[in-house]
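Have a look at the structure below before the remarks.
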Amino acid sequence: MGYVYLLIVAFLFSFGGTSVKLIKPYFNPYMITFMRFFVGVLWLIGLKAVTRRHTRKDFKAQLRAHGGWLIFGAVAKLLSYITENVALSVGVSYGNILTQPAQIIMLTLLSVLVLREKMSSEKWVGMGLCIGGILLISWNGLPLDALLGENLTLPLLYVISGFFNGLLVFAQKKAAPHFDILDSNLVMFSLAAVLAFLIPAAQGQVLPAAAPNFACVAAIIWFGFVTGIGYFLNAKAIPLVPFRMVAPLQSTMVFLAIAWGILFFQEPISVWIVGGTVLFVVGIVMMQWAKAPKEKEA
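Residue numbering for the sequence shown follows the numbering used here, starting at 49 and increasing by one per position.
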């Protein structure tokens, strides 16, 4: 079921760029970040009420002992959303696909260097194809001088966002044995919502630029659902699958994200995007079917 959960998460997260594009005419990226966390918390509270899940009796003790991971995760996700939403507010709706290879790199480094997990050569090749495919999609045939000029800012923001998102996934992995999934996400997103609100409040940009239309309101509600329920399913899936598989499976969102960009905003698709998608699919298949490396005999 862990793989099913991750594919559902990929579907939900594929609407991120679409949601930002619908909200952006009325709110700045920092306010979008706050609303995503705030509405996400409301969805999680609703899920907790419907499922009648009670807070663990040892919650306070676990919070004192391991709450640092929740704070770490909250700050990491806050920074991830801010950088992603700033970039999405300027570029195409599927531009955030570049966060996926960055997240893969971060999770791979953490799994190998910190968790001491082993990677076979086939999985390394598959990982490289995933990264290469998504980078090719993001490059989209731009001249090198154009890519290294003003166009470099958005890719860098997405890469930074992906790095921070990888740190969130790692924090969820470390917190999972000590907290109920709902409670840990509620703590992280509540803290992130408070921190996120401080930025637009300090700027005096809390109120919308104009009265939001129906599409904007619907996007805010949906974006919060994606955040709350999506990350609940993501955290639920993490203990069920190999840690290094989390980001590659989430990366399947690229296909739907591109589709929504074409369908809703008539954003162009090129041979570079098609070629990158093929590389990405091959990489995912290789990573799923590659055998684990054998341990050397003493």
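Every residue, glycine too, gets a C-beta built ideally from N, C-alpha and C.
Counted as a single uninterrupted DSSP element, the stretch harbouring T300 is not any alpha helix (DSSP H), since DSSP gives it neither H nor E. The alpha carbon of A150 has as its nearest neighbour, out of R104, V207, P290, the alpha carbon of V207.
A distance below 6 Å between beta-carbons, with the five flanking residues on each side excluded, links P77 to the following residues of its chain, in chain order: N133, V134, S137. Each residue's CA atom was taken as its position, placing D228 and K166 some 28 Å apart.
For N144, the number of other beta carbons within 10 angstroms of its own is at least 16, and it is reported as buried. Counting every other CB atom within 10 Å of its CB across the protein chains shown gives A97 a total below 16, marking it as exposed.
Taking a 10 Å sphere around the C-beta of K171, we find 16 or more other C-beta atoms and assign the residue as buried. When secondary structure is reduced to three states using DSSP, R112 falls in the helix class.
A residue is called buried when at least 16 other Cβ atoms come within 10 angstroms of its Cβ; M154 meets this threshold and is buried. Assignment of alpha helix (DSSP H) within the segment 245–285, counting only whole runs of 4 or more residues, yields 262–285 in chain order.
Between W308 and F61, the C-beta spacing is not below 8 Å. Under the criterion of beta carbons closer than 8 Å, P203 and L146 qualify as touching, at roughly 6 Å.
Residue range 77–99 is occupied by the alpha helix (DSSP H) that includes M83.
Secondary structure remark: continuous alpha helix (DSSP H) runs of at least 4 residues inside the segment 120–191, in chain order: 147–157, 169–187.
Spatial neighbours of F303 in its own chain (CB-CB distance under 7 Å, excluding positions within 5 residues in sequence) are listed in chain order as T325. Residue state for P287 is assigned as helix, using DSSP reduced to three classes. Nearest in C-alpha terms to G276, of all of F86, Y74, I56, is F86. When the Cα atoms are used, V330 and S318 turn out to be separated by approximately 19 Å.
DSSP places Y74 in the coil class of the three-state scheme, outside both helix and strand. The Cβ atoms of I185 and W320 lie closer than 8 Å to each other.
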